[in-house]
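Residue numbers (this note's numbering): 284 to 670.
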Amino acid sequence: MRVDLVVVGAGLFGLTVAEQAAERGLDVAVVDRRDHPGGNAWSETDPETGIEVHRYGAHLFHTSNERVWEYVNRFTGFTAYQHRVWTVHGGEVYPLPINLGTLNQFFRSNHGPDEARRLVAEQAAELMGEPRNLEEKAVSLIGRPLYEAFIRDYTAKQWQTDPRDLPAEVISRLPVRYTYDNRYFNDRYEGLPTDGYAAWLSRMADHPRISVHLGTDFLDGDHALSRDAVRGQVPVVYTGPVDRYFGDAHGALGWRTLDFEREVLPVGDFQGAPVMNYADGDVDFTRILEFRHFHPERDYRADRTVIVRERSRSAGPGDEPYYPVNTPEDRSRLLAYRELVEQERASGVAFGGRLGTYQYLDMHMAIASALRLVDDLDELVHGRGTV
Ligand code: FAD
Ligand code: UDP
């Protein structure tokens, strides 16, 4: 087998690197532990209802990056879907992200934008200086009463970590608006792949210079594309967990995993929306996804629907790592791992993606950072090897 580059992980980061390297004339082997390509963005058709279900939780594509938008459109068209989310608090349903509608419903008021801003500023007055963590950031953005209603308990369920130990960026992802606009994302481009994620992601790997090896763990030394076989011989782009690559030498980094409880219900519409969050601590799940609502343009049967309840917990050995927790302790471990990552570069191994960099990356960010890595590919690919 002739291989110029080994890509570990067939997620969006790995597939982008592989496709771009193949287009530049390299023969690429992609290995993935799972039995399908596409990483966490993979979706499947529910056999009973025909409804497309995102296997690893709802994946909404959005970007303002022109290069990424042009790139993804080579492989798929996108629907006109715009993401909107509601949340249940105290037995009532409110719109998210926090906007003038949420605020006026919560305070039983009819404030205009300026009055609402003044109210929130008063309710955030306890804070001095730059917000240093998730709690301070959230209170500075929406004031304490809205924080306690919509963020505190949801965040406790999602992270089981003191919000004062969580980085402010986790909450900065959500816009706060002093209008009635309840679109979840601010980006210029948004939509879902017209014929589904599986079709999109499979097309990326469908290249004569790419071979995909599923059910293959790179860190398991027992095959021709394992770390032991290729390290130092062929350049590698590794997108698996950085701590696992180094045998947890500096301790395991904290991850959250999710349990997805899928149910088919004999009704045409369960909740009237794609995502309903549960803000309060009295229900143990964070949200319910109802997948038919992601594709209103499709002709799904009207008497069945698929819902998925999402629960979050700390990832143990063998669990899929989904969200980096990023406590101060994790961050200091990460710095130590980054030194090892630098050293591995000399053996032709580059790290990337959500797991390889221990960073929360949306799909468009993973693709953008993979395109940047490909810009420097010549530096990584010194010569051509054969394994
Ligand atoms: P991944 O998709 O995780 O791919 C990594 C791959 O590496 C996996 O397939 C894994 O099996 C493989 N691998 C790991 N270790 C090994 C090994 N030792 N050997 C072989 N293979 C290995 N982004 C959005 O833009 N919008 C959303 O709405 C959104 N929702 C999300 C919801 C959830 C619950 C999660 C977890 C993520 C969400 N994302 C969303 C982020 C999106 O999933 C990531 O941006 C994307 O998956 C990043 O791709 P990646 O290639 O870095 O990682
Ligand atoms: N969040 C919250 N309440 C909500 C929605 C989000 O407190 O109703 C917080 C929570 O800490 C979450 C973060 O905002 O982890 C980011 O939310 P997002 O919806 O982007 O989370 P994801 O879809 O990535 O799980």
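The beta carbon of each residue, even a glycine, is placed where N, CA and C say it ideally should be.
Take the alpha-carbon of F468 and the one of H366: they are about 7 Å apart.
With respect to the C-alpha of R401, the residue from E662, N416, L383 and R415 having the closest C-alpha is L383. Across the set R628, L617 and F358, the C-alpha of L617 shows the shortest separation from the C-alpha of W538. With fewer than 16 neighbouring CB atoms inside 10 Å of its own CB, E622 falls in the exposed class. At a cut-off of 3 residues, the continuous stretches assigned as beta strand (DSSP E) that sit fully inside the region 308-387 are 311-314, 326-328, 335-337, 344-346, 368-372 and 375-379. DSSP places R510 in the uninterrupted alpha helix (DSSP H) bounded by R510 to V513. The ligand FAD has no heavy atom closer than 6 Å to the beta-carbon of A532. Residues of the same chain with a CB within less than 7 Å of the CB of A619, apart from the 5 flanking positions on each side, are H533 in chain order. R655 sits exposed, since fewer than 16 C-beta atoms from the chains shown fall within 10 Å of its C-beta. With a 10 Å radius around the Cβ and a threshold of 16 neighbouring Cβ atoms, V525 comes out buried. For H496, the pairing in a beta bridge is given by DSSP as V314. Under the three-state reduction of DSSP output, A451 falls in the coil class, being neither helix nor strand. According to the DSSP assignment, E302 belongs to the alpha helix (DSSP H) that extends over L295 to E306. In the three-state reduction of the DSSP assignment, T462 falls in the coil class, being assigned neither a helical nor a strand state. Residue state for A585 is assigned as coil, using DSSP reduced to three classes. Between T362 and G474, the gap from beta carbon to beta carbon is short of 7 Å. Residue range L417 to I425 is occupied by the alpha helix (DSSP H) that includes E418. Taking a 10 Å sphere around the C-beta of Q441, we find 16 or more other C-beta atoms and assign the residue as buried. In this structure, T299 has its CB at a distance of at least 6 Å from all heavy atoms of the ligand FAD. Selection F574, D582, P380 and E544 evaluated against Y461 yields P380 as nearest (Cα-Cα). For R539, no alpha helix (DSSP H) encloses it; the enclosing beta strand (DSSP E) starts and ends at W538 to L548. Annotation for V453: L417 place their beta carbon closer than 6 Å to its own, counting only its chain and skipping 5 residues before and after. A305 and D531 have their C-alpha atoms some 32 Å from each other. For Q642, the closest C-alpha among the options V632, P378, T610 and A629 is that of T610. Separation of H647 and A341 (C-alpha to C-alpha, rounded to the nearest whole angstrom) is 15 Å. Taking the Cα of A399 as reference, the smallest distance to any Cα among L386, E409 and T332 is reached at L386.
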